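If you're matching them up, the sequences are chains E and C in order.
One point on numbering: in my numbering, the residue at position 130 of the first sequence is 137, and numbering is uninterrupted.
One point on numbering: in my numbering, the residue at position 459 of the second sequence is 461, and numbering is uninterrupted.
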Amino acid sequence: MRHIISVLIENESGALARVAGLFAARGYNIESLTVAPTEDPTLSRMTLVTHGDERVLEQIVKQLNKLIDVVKLLDLSEGPHIERELMMVKVKAEKGLREELKRLADIFRANIIDVTATSYTVELTGHGHKLDGFLEALPDDSLIEVVRSGPLGISRGAKGLGTI
Amino acid sequence: MELSGAEIVVQALIDEGVEYIWGYPGGAVLHIYDALFQQKKIRHILVRHEQAATHAADGYARATGKPGVALVTSGPGATNAVTGIATAYMDSIPMVVLTGQVPTPFIGSDAFQEVDITGITRPCVKHNFLIKRVEDIAETIAKAFYIATTGRPGPVLIDIPKDVTDPNVRIPYEYPRKISMRSYKPVEKGHPRQIRKAVDLMVKARRPVIYTGGGVVLGDGSDELRKLVEVTGFPVTHTLMGLGAVPSTDKRFLGMLGMHGTYEANMAMHESDLVIAIGARFDDRVTGKLASFCPDAKIIHVDVDPASISKNVKVDVPIVGQVKPVLRDMVKLLKERKTKPDAKALAEWWKRIEGWRAVECLKYPKSDKVIKPQYAMELLAKVTRRRDLYLTSDVGQHQMFAAQFFPFDKPRRWINSGGLGTMGFGLPAAMGVQQAFPKATVACVTGEASIQMCIQELATCAQYKLPLKIILLNNGYMGMVRQWQELFYEGRYSHSYVDALPDFAALAETYGHVGMTIEDPAELEAAYKEAFGMKNRLVFMNVLVDPEENVYPMIEAGKGHHEMHMSPYLTAERELA
Numbered sequence: 008m009r010h011i012i013s014v015l016i017e018n019e020s021g022a023l024a025r026v027a028g029l030f031a032a033r034g035y036n037i038e039s040l041t042v043a044p045t046e047d048p049t050l051s052r053m054t055l056v057t058h059g060d061e062r063v064l065e066q067i068v069k070q071l072n073k074l075i076d077v078v079k080l081l082d083l084s085e086g087p088h089i090e091r092e093l094m095m096v097k098v099k100a101e102k103g104l105r106e107e108l109k110r111l112a113d114i115f116r117a118n119i120i121d122v123t124a125t126s127y128t129v130e131l132t133g134h135g136h137k138l139d140g141f142l143e144a145l146p147d148d149s150l151i152e153v154v155r156s157g158p159l160g161i162s163r164g165a166k167g168l169g170t171i
Numbered sequence: 003m004e005l006s007g008a009e010i011v012v013q014a015l016i017d018e019g020v021e022y023i024w025g026y027p028g029g030a031v032l033h034i035y036d037a038l039f040q041q042k043k044i045r046h047i048l049v050r051h052e053q054a055a056t057h058a059a060d061g062y063a064r065a066t067g068k069p070g071v072a073l074v075t076s077g078p079g080a081t082n083a084v085t086g087i088a089t090a091y092m093d094s095i096p097m098v099v100l101t102g103q104v105p106t107p108f109i110g111s112d113a114f115q116e117v118d119i120t121g122i123t124r125p126c127v128k129h130n131f132l133i134k135r136v137e138d139i140a141e142t143i144a145k146a147f148y149i150a151t152t153g154r155p156g157p158v159l160i161d162i163p164k165d166v167t168d169p170n171v172r173i174p175y176e177y178p179r180k181i182s183m184r185s186y187k188p189v190e191k192g193h194p195r196q197i198r199k200a201v202d203l204m205v206k207a208r209r210p211v212i213y214t215g216g217g218v219v220l221g222d223g224s225d226e227l228r229k230l231v232e233v234t235g236f237p238v239t240h241t242l243m244g245l246g247a248v249p250s251t252d253k254r255f256l257g258m259l260g261m262h263g264t265y266e267a268n269m270a271m272h273e274s275d276l277v278i279a280i281g282a283r284f285d286d287r288v289t290g291k292l293a294s295f296c297p298d299a300k301i302i303h304v305d306v307d308p309a310s311i312s313k314n315v316k317v318d319v320p321i322v323g324q325v326k327p328v329l330r331d332m333v334k335l336l337k338e339r340k341t342k343p344d345a346k347a348l349a350e351w352w353k354r355i356e357g358w359r360a361v362e363c364l365k366y367p368k369s370d371k372v373i374k375p376q377y378a379m380e381l382l383a384k385v386t387r388r389r390d391l392y393l394t395s396d397v398g399q400h401q402m403f404a405a406q407f408f409p410f411d412k413p414r415r416w417i418n419s420g421g422l423g424t425m426g427f428g429l430p431a432a433m434g435v436q437q438a439f440p441k442a443t444v445a446c447v448t449g450e451a452s453i454q455m456c457i458q459e460l461a462t463c464a465q466y467k468l469p470l471k472i473i474l475l476n477n478g479y480m481g482m483v484r485q486w487q488e489l490f491y492e493g494r495y496s497h498s499y500v501d502a503l504p505d506f507a508a509l510a511e512t513y514g515h516v517g518m519t520i521e522d523p524a525e526l527e528a529a530y531k532e533a534f535g536m537k538n539r540l541v542f543m544n545v546l547v548d549p550e551e552n553v554y555p556m557i558e559a560g561k562g563h564h565e566m567h568m569s570p571y572l573t574a575e576r577e578l579a
């Protein structure tokens with residue numbers, strides 16, 4: 008099963024390596040990992056997506072908690088939560104295709120953030136499924152490159168990870 | 003008080019109560035060594051190889067319960083220490099290792115003797131630090147000791163670049179008296195509801211077994227465990243790391259369990275309806291095949307590390323907490339209970355266990371022609387009975403023979419590398435023990451392969467006059483490797499014969515010690531007495547033993563507790579009868 012885990016971790020050199028190393032050393036699957044400092048600059052927040060059965064997930068959560076740098080973590084999949092991912096797509100936008108691409112961007116509520124005579128760069132946020140949908144809807148052979156952030160997650164409701 | 007970085011390192015260790023450091027100097031730690039030279043409180047023991055520094059600090063920690071400290075230089079000094087760090091990590095031993103590092107401006111430039119030691123050791127330390135400012139030294143050292151000694155203990159490494167210890171940069175020093183970390187809050191007491199649930203199961207059990215590991219020894223829970231055994235009357239078995247928690251003379255002690263455990267311990271586990279696991283981690287050498295592990299049992303698991311619980315075996319009642327307070331609460335609750343464990347069921351259970359015990363699974367053929375390694379261990383026990391012996395070991399057959407045949411009656415007396423299985427551990431670990439307890443009798447049982455992995459430490463023993471007794475069970479082979487090759491590779495002894503052995507007695511003599519070679523079983527007892535009589539000398543006993551003796555009983559890797567191989571001698575004897 009897919010799980011999305013939020014981790015508050017000390018913003019120190021090596022902290023990211025400890026998490027990545029743990030997953031590699033214990034053979035846990037890691038699909039995506041995003042990390043950035045929080046409103047408190049001494050803390051980073053990590054969102055990671057992983058797959059595993061109940062037993063593996065229990066171990067992943069325990070082993071992450073065991074890392075000295077980890078302050079708090081939450082398996083967001085256990086409760087109502089929101090996921091968003093950012094994607095930037097560079098596509099060929101030659102004459103004749105430019106209107107169709109503009110329409111497609113509107114339908115997906117995407118923004119065109121860079122334009123050249125032959126290309127568009129499109130910015131799009133949403134659940135991973137929506138991003139996949141946009142890529143599928145692109146005209147054949149128009150794709151130049153894709154960059155995706157990996158999902159970010161936050162729980163629904165008034166409480167934050169720091170106050171749970 | 004204004005101190006330099008190097009002086010802060012040393013003063014912080016003094017303020018932490020450190021008595022000994024095992025180490026080896028080099029470029030990156032010269033400032034620290036200079037500061038060490040100018041003080042009298044900490045004694046530095048100069049080893050001959052950095053691996054030995056970590057093993058000696060480890061042995062000291064296992065025997066005393068206090069954290070061991072090692073100091074090595076950057077690059078090769080640090081990498082040589084890694085085996086000792088991983089050894090301590092696998093057995094949860096509190097240790098602080100200080101490594102020198104190239105000056106901060108050079109980090110990442112492939113400078114002379116530079117290695118990313120925090121990167122290398124990340125998977126085998128409880129935590130590590132790279133100090134970048136002199137202002138951070140005191141607090142980092144305080145944190146390192148706090149982390150190493152609390153919760154599930156383990157080694158912590160501190161990497162210190164040379165410029166951070168610059169003798170010309172002086173800053174005010176104060177050692178933090180209390181450490182509090184928002185990201186690290188080790189648990190102490192177990193949850194009362196979980197303990198109640200455990201006691202509910204215990205009074206209902208008909209075929210219970212208490213299975214304990216190194217956690218009871220490390221957590222100083224031995225007295226409480228003895229009370230639990232007393233109150234319940236349940237049988238108890240120990241892992242390799244747990245030996246000594248309950249005295250070997252206690253009738254309720256079934257011996258060691260697992261791959262080379264006793265028939266009664268393994269059968270009791272297999273047939274039990276309740277396993278009470280305390281400070282043990284369901285290691286593969288203990289459980290055998292997981293699918294056939296304790297098929298009828300509910301499992302209670304007490305451990306300070308939540309990640310140990312339900313890692314290999316799904317547990318019914320998990321209790322996260324230190325063994326000592328948890329056991330105390332358990333005993334208290336059991337005493338208050340009106341319902342007691344079913345005496346009749348327990349008596350029947352004991353009858354079955356006594357039946358298994360009557361098999362005498364450790365019996366071996368006596369010989370007056372060749373020294374049997376089992377006999378060497380039994381005799382060692384007999385000769386040292388009154389001495390409260392500390393026994394360290396290396397890894398292999400001799401380790402198993404010691405575990406099976408030497409009766410341990412107190413915790414912290416049996417010191418060996420269980421998790422990592424590090425050959426070369428025994429001698430330096432014994433140095434650490436002897437240093438901690440100068441008046442105690444400390445022996446190291448070893449093999450001719452293991453001892454050669456750290457034999458250079460005979461020089462350290464000479465320098466510091468450590469009167470160890472080294473008992474080398476010399477069979478000419480890497481015994482355990484040979485045993486597996488005999489049993490599972492049709493006797494193809496691929497590279498397990500250790501040719502070109504030195505004359506160990508003569509070698510010991512050149513280091514200034516006493517060397518002995520013993521071949522005749524009739525002479526062994528007198529030789530032991532003579533060796534242990536030499537109070538101030540290291541005696542190296544080269545005991546030539548039966549070259550092809552095997553360790554039995556044995557559970558093959560991947561088999562269950564009920565699928566033990568018994569000694570062929572025992573099987574033959576029974577067929578004759």
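Heads up, the beta-carbon is just placed ideally off N, CA and C, and yes, glycines get one too.
Here the structure is a predicted model, which means the values were calculated and not measured.
Proximity of residue i and residue j at Cβ, strictly below 8 Å
i	j	result
Thr-394/C	Ala-347/C	no
Pro-105/C	Lys-164/C	yes
Gly-263/C	Arg-414/C	no
Pro-375/C	Leu-475/C	yes
His-272/C	His-564/C	yes
Ile-355/C	Leu-230/C	no
Ile-149/C	Tyr-186/C	yes
Val-541/C	Gly-323/C	no
Gly-535/C	Pro-327/C	no
Thr-101/C	Val-71/C	no
Pro-409/C	Ser-294/C	no
Tyr-466/C	Ile-197/C	no
Ala-146/C	Val-158/C	yes
Own chain partners of residue i with C-beta closer than 7 Å, once the 5 adjacent residues on each side are dropped
i	result
Arg-208/C	Asp-275, Asp-344, Ala-347, Trp-351
Leu-381/C	Leu-526, Glu-527, Tyr-530
Glu-38/E	Val-56, Thr-57, His-58
Selected residue, minimal CA-CA separation from residue i, among the options
i	options	result
Val-385/C	Ser-369/C, Ala-90/C, Ala-445/C, Val-372/C	Ala-445/C
Val-127/C	Glu-19/E, Gly-28/E, Val-14/E	Gly-28/E
Ile-114/E	Leu-142/E, Thr-54/E, Val-68/E, Lys-73/E	Leu-142/E
Gln-70/E	Gly-21/E, Glu-38/E, Gly-34/E, Ile-89/E	Gly-34/E
His-134/E	Met-94/E, Val-154/E, Ser-126/E	Met-94/E
Thr-289/C	Ala-349/C, Gly-260/C, Val-99/C	Gly-260/C
Asp-17/C	Tyr-62/C, Tyr-175/C, Gly-156/C, Pro-125/C	Tyr-175/C
Tyr-554/C	Gln-399/C, Ala-510/C, Ile-301/C, Lys-441/C	Gln-399/C
Gly-86/C	Leu-503/C, Gly-426/C, Ile-301/C	Gly-426/C
Gln-41/C	Asp-390/C, Phe-439/C, Val-11/C, Thr-519/C	Val-11/C
Val-122/E	Glu-106/E, Leu-74/E, Ser-39/E	Glu-106/E
Lys-43/C	Ala-14/C, Ala-63/C, Ala-30/C	Ala-14/C
Ser-51/E	Val-14/E, Leu-74/E, Leu-131/E	Val-14/E
Phe-131/C	Gly-421/C, Ile-160/C, Ala-405/C	Ile-160/C
Ala-31/E	His-497/C, Pro-125/C, Lys-334/C	Pro-125/C
Gly-21/E	Phe-114/C, Gln-53/C, Thr-120/C	Thr-120/C
CB-CB length for residue i against residue j, believed under 8 Å
i	j	result
Gly-423/C	Glu-450/C	Incorrect: roughly 17 Å between the Cβ atoms, too far for contact.
Trp-24/C	Ala-55/C	4 Å
Gly-560/C	Lys-291/C	5 Å
Arg-25/E	Ile-89/E	Between Ile-89/E and Arg-25/E the Cβ distance is about 27 Å, and since that is not below 8 Å, they are no contact.
Arg-283/C	Ser-312/C	Actually they are not in contact, since the Cβ atoms of Arg-283/C and Ser-312/C sit about 11 Å apart, beyond 8 Å.
Arg-9/E	Val-56/E	7 Å
Same chain only: Cβ atoms within 8 Å of residue i, ignoring 5 sequence neighbours per side
i	result
His-33/C	Ser-6, Gly-7, Ala-8, Lys-164, Thr-167, Asp-168, Pro-169
Leu-104/E	Pro-146, Ser-149
His-51/C	Tyr-26, Asn-82, Cys-456, Gln-458, Glu-459
Ala-1/C	Residue 1/C is absent from the model: chain C starts at 3 and stops at 579.
Pro-87/E	Ser-162, Arg-163, Gly-164
Same chain only: Cβ atoms within 6 Å of residue i, ignoring 5 sequence neighbours per side
i	result
Ser-111/C	none
Ala-100/E	Leu-108, Ser-126, Tyr-127
Quick check on the DSSP output: what are the complete alpha helix (DSSP H) runs of length 4 or more inside the segment 58-141 of chain E, in order along the chain? 61-73, 105-114
Report the start-end ranges of each beta strand (DSSP E) in the segment 180-257 of chain C that is 3 residues or longer and not cut off at the edges. 210-214, 238-240
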